[in-house]
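Comments concern the structure below.
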Amino acid sequence: MNNQEIARFLTEIADLLDIKGENPFRIRSYRNGARTVNNLAEDLTGMVGEGKNLTEIPGIGGSLAEKIREIVETGKLKFLDDLKKQLPPGLPELLKLQGIGPKKVKLFYEKAGVDSIESLARAAESGKLHGLDRMGEKTEAKILRAIENYRKGAGRFRIDIGFTYAESITNYLNTLTGLKELIPAGSLRRRQETIGDLDILAICHDPAPLMDQFTAYDKAEDILAHGSTKSSLLLKEGLQVDLRAMDSREFGSALLYFTGSKAHNIALRKRAKAMGLKVSEYGIFRADDAIAGKTEEDCYRALGLPWIPPELRENRGEIEAAEKGELPRLVDLKDIRGDCHMHTTASDGKNSIEDMARAARELGYQYIAITEHSQAVRIAGGLNDKELIRHLHRIEEADRKVEGIRILRGVEVDIRGDGTLDLKDETLKECDVVIAAIHSRFNLPEKEMTKRIIRGIKNRQVNILAHPTGRLILEREPYRVDLKEVIKVAAGEGVIMEINANPRRLDLNDIHSRMAKDMGAKLIINSDAHSIDQLRLMKYGIFTARRGWLEQKDVINTYPLKKLLAILKRT
DNA sequence: GCCGTTTTCGGCCCGACTGTTTTCAGTCG
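Laid out in structure tokens, this is it:
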């Protein structure tokens with residue numbers, strides 16, 4: 006039972022209590038609990054097993070702790086089962102429809118017998134809904150559109166896709182005059198690995214023409230709202246875009262508000278309240294006097310805090326750290342001095358060694374490592390022992406040929422099903438950088454997978470564990486592995502944990518990167534580039550590292566070459 | 001249901017938009 010599965014139990018309870026019309030604060034506790042559990046680095050199943058006191062986790066009290074223990078120990082929860090018996094199973098799904106909340110679900114169920122999306126659609130089509138409390142024809146039409154949009158199955162988008170949409174929509178709006186600034190905020194500004202919607206903040210005096218231009222966007226499928234300072238669109242691809250116009254006097258508080266996260270903002274507002282202040286997107290107020298709002302720095306200062314980088318704003322301890330002056334100095338793209346994971350035409354890459362080296366030199370790097378696949382990854386043109394030795398010579402030649410950058414001899418060797426490596430130790434000894442990784446047999450049981458990886462990295466030739474969980478964002482779940490055990494071994498043995506910067510992977514993720522740091526492991530951010538263009542994916546790895554609270558010293562490819570080589574050497 | 005630098009009881013973030021209303025409830029972020 007992993008934390009995400011446990012969180013789903015709590016969310017389900019919250020949804021059902023919501024529809025029943027229970028105390029909203031009680032419901033909020035379950036939702037907060039679910040969010041906390043989702044964000045937790047440590048595995049709850051393990052914590053329960055070790056008899057740890059779960060109520061020490063903020064937001065988890067006695068009642069939630071007891072329920073979590075029951076879920077972990079029995080795989081189910083009587084409280085939830087009882088709750089489910091009281092309502093039809095199709096009701097919670099209705100909450101996912103845009104514009105439908107618990108009150109409407111309750112109303113439709115009790116007064117119109119609606120118990121699923123299908124029956125809601127039938128009721129709306131046949132006009133059974135208007136006539137109910139505060140229900141008219143427009144609402145009926147809106148519900149049908151919401152169902153249609155939901156069935157198209159929008160969902161979340163990878164951050165790199167989010168940037169593309171943000172760029173095209175800001176380009177479109179930027180043609181307007183009188184617009185001072187246009188800033189994508191929200192989860193994109195926090196550099197979350199996926200985004201659920203796009204929040205754009207506009208600074209201007211006269212918002213009306215902007216709202217009109219925005220809602221006329223030709224890539225929009227549906228206009229969800231068109232107000233005087235705020236409008237929302239649904240793009241054809243299913244992404245929702247919110248635009249909010251504010252005045253420049255409110256720039257800081259508005260940006261703070263629209264960057265989120267919601268949990269961070271709520272925590273700030275609580276803090277403000279305790280100080281006798283009030284926070285909104287319009288500023289920070291003492292009684293009716295605005296005491297801050299022009300910049301984010303002002304706003305944080307008014308709350309007695311230093312500015313907090315957007316990547317940290319998740320209410321994962323950043324406010325407490327800020328208060329104590331213990332915020333990390335986050336690693337930055339310009340700290341990066343090299344890239345130690347990339348492929349060339351020798352396996353499944355698109356460019357030559359020399360091309361990759363020159364492109365990396367353009368980025369200002371001092372070194373790279375060329376790391377082809379090993380033979381087990383046949384589909385990617387993996388090399389066997391003999392081929393790799395020959396290839397290492399070619400790397401040496403390229404290193405002599407290309408001035409101004411050091412090209413290290415590397416390999417990405419497969420960890421086989423039994424935990425042995427796919428190439429001989431004496432071959433690996435010839436490399437400067439040995440990356441170990443898994444590319445097959447993803448569905449081993451957790452214990453076996455953990456043992457396999459640990460055996461792999463215990464091989465003294467291995468320097469780096471690449472994409473340690475094997476996930477592909479929105480495509481493939483991580484494999485089942487006890488990451489804590491793996492990191493413990495890596496930290497003890499001096500094996501470096503990779504943050505794979507490809508936006509499809511981002512593996513390790515933010516939470517696990519922070520866990521690795523806290524457990525004393527070193528990390529490296531690699532592009533895993535398969536072409537010269539992909540070297541630029543490094544920035545996504547930086548985003549993840551920053552969200553994981555990493556500083557320059559935690560990331561070894563910020564080190565000069567000599568120091569890097571010293572760290573890679575396992576004695 | 002959670003929580004405590006006024007609190008172990010009594011609070012719990014704040015405001016825009018919509019659609020239905022004659023002053024506001026519901027939803028969303």
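Its first residue numbered 6, the first sequence is counted upward by one per residue in the numbering used here. By construction, the Cβ of each residue, glycine as well, lies at the ideal position given by its N, Cα and C atoms. If you're wondering where the values come from, they're calculated on a predicted model, not measured in any experiment.
Three-state secondary structure (DSSP) of residue i
i: Y234; result: According to the sequence as given, residue 234 is Thr; it is not Tyr. If DSSP states are grouped into helix, strand and coil, T234 belongs with coil.
i: G415; result: strand
i: M280; result: coil
i: Q371; result: coil
i: F447; result: coil
i: T376; result: strand
i: E556; result: strand
i: I420; result: strand
i: L96; result: helix
i: D48; result: coil
i: R481; result: strand
i: L570; result: helix
i: L244; result: coil
i: L15; result: helix
i: L393; result: helix
i: L102; result: coil
i: R519; result: helix
i: Y564; result: coil
i: N270; result: helix
i: M543; result: helix
DSSP bridge partner residues for residue i (one or two, in chain order)
i: N531; result: N505
i: R249; result: L206 and K235
i: M347; result: A534
i: D512; result: N505
i: L335; result: E556
i: L85; result: In the DSSP output, where bridge partners are listed per residue, L85 has none listed.
i: L388; result: S379
When the options are compared against residue i, the one with the closest alpha-carbon
i: I324; options: G309, R334, D337 and V336; result: G309
i: S253; options: A292, K185 and T264; result: K185
i: L479; options: P565, R150 and I164; result: I164
i: L137; options: G409, V42 and K111; result: K111
i: C304; options: V284, E319 and R318; result: V284
i: E100; options: A46, D20 and L85; result: Looking at the sequence itself, residue 100 is Leu, so the reference to Glu does not match. Checking every option, the nearest Cα to that of L100 belongs to D20.
i: G38; options: G56, V418, I11 and A550; result: I11
i: R383; options: K568, I208, S352 and R411; result: S352
i: L88; options: G141, G243, F14 and G343; result: F14
i: G409; options: H348, A365 and N464; result: A365
i: A213; options: D202, E61, T182 and E255; result: T182
i: L338; options: E226, R40, L542 and A117; result: L542
i: N43; options: N562, C345, Q371 and N514; result: N514
i: L240; options: T432, E226, G553 and A521; result: E226
i: I122; options: E142, K116 and Y155; result: Y155
i: D293; options: T300, E302 and G281; result: G281
Pairwise C-alpha distance: residue j and residue i
i: Y114; j: P107; result: 10 Å
i: S237; j: T175; result: 14 Å
i: D559; j: N531; result: 14 Å
i: G265; j: S445; result: 39 Å
i: T455; j: R194; result: 35 Å
i: H231; j: T220; result: 7 Å
i: I394; j: D430; result: 12 Å
i: L317; j: I504; result: 17 Å
i: Q91; j: T144; result: 27 Å
i: D23; j: L85; result: 13 Å
i: A471; j: I166; result: 24 Å
i: R31; j: N7; result: 24 Å
i: Y580; j: Q539; result: The requested residue 580 is not part of the displayed model; the chain covers only 6 to 576.
i: M216; j: P508; result: 32 Å
i: I400; j: D204; result: 46 Å
i: G343; j: D437; result: 14 Å
i: E27; j: I547; result: 43 Å
i: K147; j: K224; result: 20 Å
i: A307; j: D202; result: 30 Å
i: E75; j: N58; result: 14 Å
i: K544; j: N270; result: 26 Å
i: A495; j: P311; result: 35 Å
i: P94; j: M140; result: 24 Å
Proximity test, residue i beta-carbon vs the ligand SAM heavy atom, cut-off 7 Å
i: I384; result: As for the ligand SAM, it is missing from this structure, which has no ligand bound.
At 3 residues or longer, and completely inside the stretch 277 to 325: list those beta strand (DSSP E) runs for me, N to C.
The DSSP assignment places complete beta strand (DSSP E) segments of no fewer than 3 residues inside the stretch 277 to 325 at 283 to 285, 288 to 291 and 294 to 297, in order along the chain.
Complete beta strand (DSSP E) runs within the stretch 190 to 234 (minimum length 3 residues, chain order):
Secondary structure remark: continuous beta strand (DSSP E) runs of at least 3 residues inside the stretch 190 to 234, in chain order: 202 to 209 and 225 to 231.
Margin query: Report the start-end ranges of each beta strand (DSSP E) in the stretch 132 to 198 that is 3 residues or longer and not cut off at the edges.
Written below: With a minimum length of 3 residues, the continuous beta strand (DSSP E) runs that stay inside the stretch 132 to 198 are 184 to 189.
What runs of the alpha helix (DSSP H), each 4 residues or longer, lie entirely inside the stretch 423 to 474? If only uninterrupted alpha helix (DSSP H) runs of at least 4 residues are considered, those enclosed by the stretch 423 to 474 are 430 to 433 and 451 to 463.
Item to complete: List in chain order: all unbroken alpha helix (DSSP H) runs of 4+ residues lying wholly within the stretch 21 to 68.
Response: Within the stretch 21 to 68, the complete alpha helix (DSSP H) runs of at least 4 residues fall at 29 to 44 and 49 to 54.
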